[in-house]
Amino acid sequence: MSGHPRADSWLLKIVNWLFGPVPGSQAHVDLFFDTVRLRNEELRKPEGQRDEARLLQLTKQKLRLEAERHQVIHRQFQAAQLNFLKPPPRECCTDCVGVRQRLAAVCRACAAWYEAASLRASQQLQMVEEGDSEPAMPLPLFELQLPEGVPEELPPSLDRCSSCQNLLDHYLAKEQEMRRVMAVSGDNPVKA
């Protein structure tokens, strides 16, 4: 983009108008949730009152947007993992290496989950486009593999700076969110 906020906004609007929302943009996220809402409204109607053509179109759009959305999130976690695998800044705390190893493991597990979820949505879309109904496929497994010597729980430490603690809190919340998704879905257990 050009670097000028008004020009960037204008250009993004044109791209969205011509090609649809760019995956990862707020317009894409909004379209995904609007599509899910409209599809759910159609599904709540009694069987004979549903517009089957509209339901099919909304199902295809939901699955396409879901696959794109998961692919963007996959790349974000992948980039974060690579960042955490880099050597820590010299001015950081003594607890930094252990924190970064733990965070890289969380990002690796989340990236793998979102990549598999994107593939799942793509497979479902392909089946729907071939004339099948949307297949019920289990969610991918969320599997956290910690490097040797990195504990599941990092206890509070006086040697940890606020920056590392904030990062740890943020990514451990992401991990807990993934665990809740798996627990609510009941599709697969979480492996740790």
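In the working numbering, the protein residues as written are 528 to 719.
Note that beta-carbon positions come from the ideal geometry of N, C-alpha and C, so glycine has one too.
This one's a predicted model, so the numbers in the text were calculated from it and none came from an experiment.
Residue i and residue j closer than 8 Å at C-beta
i, j, result
"residue 562", "residue 588", "yes"
"residue 608", "residue 580", "no"
"residue 670", "residue 636", "yes"
"residue 627", "residue 604", "no"
"residue 571", "residue 585", "no"
"residue 672", "residue 631", "no"
"residue 591", "residue 666", "no"
C-alpha distance - residue i paired with residue j, whole-angstrom precision
i, j, result
"residue 683", "residue 613", "23 Å"
"residue 551", "residue 596", "6 Å"
"residue 549", "residue 556", "9 Å"
"residue 601", "residue 695", "19 Å"
"residue 691", "residue 559", "33 Å"
"residue 629", "residue 582", "43 Å"
"residue 668", "residue 656", "26 Å"
"residue 674", "residue 709", "23 Å"
"residue 528", "residue 553", "Because residue 528 carries a pLDDT of 44, less than 50, the predicted location of this residue cannot be relied on, and the following value inherits that uncertainty. Near 16 Å, if we compare the C-alpha coordinates of residue 553 and residue 528."
"residue 642", "residue 624", "27 Å"
"residue 634", "residue 593", "20 Å"
"residue 699", "residue 688", "16 Å"
"residue 718", "residue 703", "Unreliable placement is indicated for residue 718, whose pLDDT of 47 sits below 50; no coordinate value is reported for it."
"residue 711", "residue 686", "36 Å"
"residue 576", "residue 650", "28 Å"
"residue 707", "residue 573", "31 Å"
"residue 564", "residue 640", "24 Å"
"residue 677", "residue 622", "12 Å"
"residue 693", "residue 547", "36 Å"
"residue 701", "residue 658", "36 Å"
Supposed close pair residue i, residue j - CB separation, criterion 8 Å
i, j, result
"residue 578", "residue 569", "7 Å"
Query - Three or more C-beta pairs below 8 Å linking the region 656-665 and the region 602-621 - result: no
Query raised in the report: Touch check for the region 618-627 and the region 645-656: three-plus C-beta pairs under 8 Å?
Result: no
**Report entry** Those runs of the alpha helix (DSSP H) which lie wholly inside the region 579-627 and span at least 4 residues
**Finding:** 579-612
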